[in-house]
Amino acid sequence: GETHGLVNVHGDATKMRTLPPGLVTLAEAASRGGLETAAFVSNGNLTRGMGMDRGFGTWDERNEEVSKRVVALMSWLADADRGRFLALLHTYQVHAPYVPPREVAERFIDRSYAGPLRGRLEKYWTMPWEQQWAGGVGADYWEGMLDYSAEDVRFLSDLYDGEIAYADDQLRPLFQEVLAGPRSKD
10 GETHGLVNVH GDATKMRTLP PGLVTLAEAA SRGGLETAAF VSNGNLTRGM
60 GMDRGFGTWD ERNEEVSKRV VALMSWLADA DRGRFLALLH TYQVHAPYVP
110 PREVAERFID RSYAGPLRGR LEKYWTMPWE QQWAGGVGAD YWEGMLDYSA
160 EDVRFLSDLY DGEIAYADDQ LRPLFQEVLA GPRSKD
């Protein structure tokens, strides 16, 4: 079988590979089959620079919070002339840093936890999403990870569960829209 040869290089353009020519992507096959194709991605390992946009008629690449990616895709879906389609939604929402909104996190975390991750979470809640993301892929977020206690790991796991619940809540309207099927064009 064919392999694409792409590797996760965390955006290091000097090592970044691109999708090889001649390798047919799912989007290319769908497009050739008459489907409209669109991708709403949060970059990272799905970038135009890697050639991942090949075959997509619409390519919207922005690293932003999941609700904004869902809104972008739903706006595309709302086109009255929308036919059969293949759409891709990619988000890093359920990725470090695990900072679900406070009201979601409190459904999962142990409120009595007083370890070092509590202060970090409180700090991250004060930051805009873009700063949270930048911190979550940097040393600030991961420093001391090897020294986490069992309570620290549980707290982090609970935050992860909160992120999953939040992402589910944000994706639900999109799934409902797609499952409802095509609307009448009258």
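To convert a position in the sequence shown, counted from 1, into our numbering, add 9.
Glycine included, C-beta positions come from ideal geometry on N, C-alpha and C.
Check, Outcome
"CA-to-CA distance, residue 90 to residue 76, given in whole angstroms", "24 angstroms"
"As assigned by DSSP and simplified to three states, the class of residue 69", "strand"
"Beta-carbon proximity of residue 109 to residue 160, cut-off 8 angstroms", "no"
"Cβ pair residue 64, residue 37 closer than 8 angstroms", "yes"
"Residue 62 versus residue 55: straight-line alpha-carbon distance, rounded", "8 angstroms"
"Buried versus exposed call for residue 114 [16 or more other C-beta atoms within 10 Å across all chains shown]", "buried"
"Residue 46, buried or exposed, once every other Cβ within 10 Å from all chains shown has been counted against 16", "buried"
"Straight-line Cα distance separating residue 148 from residue 42", "46 angstroms"
"Contacts around residue 117, its chain only, beta-carbon distance under 6 angstroms, and the 5 residues preceding and following it disregarded", "167, 170 and 171"
"Rounded C-alpha distance that separates residue 81 from residue 72", "12 angstroms"
"Residue 49 in three-state terms, based on DSSP", "strand"
"Contact set for residue 93: own chain, Cβ-Cβ below 8 angstroms, skip 5 residues either direction", "43, 44 and 45"
"Alpha helix (DSSP H) runs contained entirely in the region 110-181, provided each spans 4 or more residues", "111-114, 125-134, 138-145 and 148-151"
"DSSP three-state assignment for residue 185, whether helix, strand or coil", "helix"
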